[in-house]
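Novice:
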DNA sequence: TCTACCATGGAT
DNA sequence: TCCATGGTAGAA
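Numbering (the UniProt record's numbering), first residue to last: 1 to 726.
(1) Whole angstroms is fine: what's the gap from residue 198's alpha carbon to residue 706's?
(2) Per DSSP, what kind of secondary structure is residue 394 in: helix, strand or coil?
(3) Confirm, please, whether the CB-CB distance from residue 514 to residue 546 is below 7 Å.
(4) Whose C-beta lies closer than 6 Å to the C-beta of residue 377 among residues of the same chain, with five residues either side of it excluded?
(5) Apply the 10 Å Cβ neighbour rule to residue 517 and answer buried if 16 or more other Cβ atoms are within range, or exposed otherwise.
(6) Where does the unbroken beta strand (DSSP E) through residue 22 begin, and where does it stop?
(7) Suppose the cutoff is 7 Å on Cβ atoms and the five residues either side in sequence are ignored; what does the same chain contact list for residue 699 look like?
(8) Considering Cα atoms alone, identify which of 14, 45, 11 and 13 is closest to residue 21.
(9) Have a look at 246, 218 and 530 and flag the residue whose alpha-carbon is nearest the alpha-carbon of residue 349.
(10) Assuming residue 551 and residue 261 make a contact with CB atoms under 8 Å, what is their CB distance in whole Å?
(11) Which residue wins for smallest C-alpha separation from residue 61, given the options 19, 81 and 52?
(12) Rounding to the nearest angstrom, what Cα-Cα distance links residue 628 and residue 329 in this structure?
(13) If you run the structure through DSSP and keep just helix, strand and coil, what is residue 119?
(14) Are the CB atoms of residue 363 and residue 636 nearer to each other than 7 Å?
(15) Identify whether residue 607 lies in helix, strand or coil by the three-state DSSP scheme.
(16) If you draw a straight line from the C-alpha of residue 428 to the C-alpha of residue 542, how long is it?
(17) With DSSP run on the structure shown, which of helix, strand or coil describes residue 440?
(18) At 4 residues or longer, and completely inside the segment 333-395: list those alpha helix (DSSP H) runs for me, N to C.
(19) Along the chain, where does the beta strand (DSSP E) that runs through residue 27 open and close?
(20) Do you know how far the Cα of residue 666 is from the Cα of residue 12?
(21) Report yes if the CB atom of residue 355 is closer than 7 Å to the CB atom of residue 346, and no otherwise.
(22) Using alpha carbons as the reference points, say which of 296, 525, 122 and 91 lies closest to residue 242.
(23) Residue 457 to residue 438, Cα distance in whole Å?
(24) Quick check: the Cα distance between residue 399 and residue 567, rounded to an integer number of angstroms?
(25) Which same chain residues end up closer than 6 Å to residue 1 when comparing Cβ atoms and leaving out the 5 residues on each side of it in sequence?
(26) Output the distance between the C-alpha atoms of residue 554 and residue 72, rounded to the nearest integer angstrom.
(27) Please classify residue 575 as buried or exposed, where buried requires at least 16 neighbouring CB atoms within 10 angstroms.
(28) Might you give, ordered along the chain, the residues of its own chain that have their beta carbon closer than 8 Å to the beta carbon of residue 467, omitting 5 neighbours on each side?
(29) Can you give me the C-alpha to C-alpha distance between residue 476 and residue 447, rounded to a whole angstrom?
(30) Specify the secondary structure class of residue 426 as computed by DSSP and reduced to three states.
(31) Apply the 10 Å Cβ neighbour rule to residue 148 and answer buried if 16 or more other Cβ atoms are within range, or exposed otherwise.
(32) With residue 365 and residue 622 assumed to form a contact (beta carbons below 8 Å), what rounded beta-carbon distance in angstroms separates them?
(33) Since residue 540 and residue 406 should fall inside the 8 Å C-beta cutoff, what is the C-beta to C-beta distance between them, to a whole number of angstroms?
(34) Any idea if residue 130 is buried or exposed, counting beta-carbon neighbours within 10 angstroms, 16 or more meaning buried?
(35) Taking the alpha-carbon of residue 674 as reference, which of 648, 249, 704 and 512 has the nearest alpha-carbon?
(36) Tell me the DSSP bridge mates of residue 676?
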């Protein structure tokens, strides 16, 4: 007996294997990849038909029939199905979760139909002269229609006819109303892009990419180019080549929210050939975009992380811009890395993948050094502007000279100088809120969140202490909840406090602050950036979002208040992230006139991540970093899996973790595959759940992953598995 | 995930 | 004895 294998569309790991259903004859042949409605228990559920199977003998359970077909054409191509399976096994998540990444509507059991609209078709016997003179607009529409022969209701409304008038004309003799699929095709002027000249260096990088696009080769290129070297130009050339071959190009950008340079340039150059995916799109806009890609009305999709799951086959090119950016790794739910998925999809679609960055991820650069990726380098800035001058300030020294303020002498001087020259400055501080923690002077106890193991942060707005890990907030206590003393003091400086201090020291400066507290109100972040770009502010103060890809012409100076905030995070990639952040933010200075100045304050002035970023020396940094990782077996010279067990009972969490370690111990080969833990995490408790962790590190984790995928560990409650944590 | 089922246990 | 709660196996 032939049965259909259906994955129930529920994010439950326990339902990871497909369920068998019969296909009733009246539904005909259902292609794999189609969404179907099936009975499950006593409810009706949505599922994805992933294939067929022959049952040798009658099963012990009842085979129920599929109730309905939800997609006219299968939503999932076979490539999407196989990529989802790969993702599920690699990242140890449920197949249904992996599949749902490719869908755009989380509402279930909704069938999707291609958008249709009504068209009025004029028949030979239509006589507008019979329409009474009194009905002026209808008569005009009649003659207008006769001229056109056929027109859609939508287009007539655009031409100034109201809906009642059109409705009335539709009833007249000689007018036939037809339903047609919406056609939104607009002509694209390819010349715009073709005329974009490339420098010789760019041309050299572009040649092999072009060859790979035309020959449909799944090569991966690492395009390493300093900021301002014209990577976008190469992306656009490659995309236009892909478009000329009538295949789809996917362009991934880090965070689309903040007015993204690349998006604007693509839209300007390619017009309606570009479809922009971002989280603010409505469901119908998403469907419409997808439909455009499927009909090849548009060939380029540009968007953040999730755009890699564009439901399309025939991908001809994938570009990951700023490939080192950490926003490509999803940190909640399914913790996939978009760069990894891009690689899989490029292989399955036989198309090249371009990874572009000024500071490539250590992993990508390593693979390029191994000859697995092809390294392409842009060493010169297009207009040959010099890179900014970077000064490193040792804050320990500042303190020795009695300066306890957040601004070193050099920093104050740079601010004063920039303001004096009527130029703009960006100041980076990786801490939001007012103060970093609140502590009692008597007993030395910091005030902690009652639900999480973290110090609460004072936020001026609302005069409240907030926890950055949960929604908990409370007013600042008058007396210490621990010892009753009144000596409560604020320590450390967040963006809010620094803003205040800046304003006090430089009363005339116009200061804009950009951090999560400001961005939560939608559109406000973009507005601040736009205003700053328009010169309405002198200083832009903010968390790392000020460091990313904006091109402000008036900015000549950049200040980093604490380079250590990222460096001190206990992660193997802390140095890499520090180097990236410093290099990125320094790159904001002097983009147009070339006299950029940067001041970096730090307590670790001798750390190589800081020294190498001062010298704009990526390769030097890479060499030191790869050595450090080689010694410790960190990625890319080994892979890691992070297990987090959460439980409201600390002992239970520990017990579960120990059970997991015991089960995995058979794979332990010291030096080859190591298991660390179970240990309490740095932050012991979040939202009243205790956190215990296990870390597995090894040169090859495939077999241990396969084991976990098929064992009880996979469905263990309260366990979160993070493959390739960053 | 959702649901039905069973076990436990406190209140009546 | 009743019902409420909690934990858990199974769904085709």
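Where is the CB? At the ideal position from N, CA and C, for every residue including glycine.
Specialist: On the basis of the supplied data:
(1) 47 Å
(2) strand
(3) yes
(4) 224
(5) With 16 or more other Cβ atoms within 10 Å, it is buried.
(6) 19-22 is the extent of the beta strand (DSSP E) around residue 22.
(7) 638 and 672
(8) 45
(9) 218
(10) 6 Å
(11) Residue 19 is the option with its Cα nearest to residue 61.
(12) About 23 Å.
(13) Strand, per DSSP.
(14) yes
(15) coil
(16) Between residue 428 and residue 542, the C-alpha separation is close to 5 Å.
(17) strand
(18) 338-349 and 362-369
(19) Note, residue 27: premise wrong, no beta strand (DSSP E); not H, not E.
(20) C-alpha separation (whole angstroms): 28 Å.
(21) no
(22) 296
(23) 7 Å
(24) 20 Å
(25) 55
(26) 54 Å
(27) buried
(28) 449, 451, 452, 454, 456, 457 and 473
(29) 9 Å
(30) strand
(31) Residue 148 should be labelled exposed.
(32) 5 Å
(33) Residue 540 to residue 406, Cβ: 16 Å. No contact.
(34) exposed
(35) When each option's Cα is compared against that of residue 674, the closest is 704.
(36) For residue 676, the beta-bridge partners assigned by DSSP are 695.
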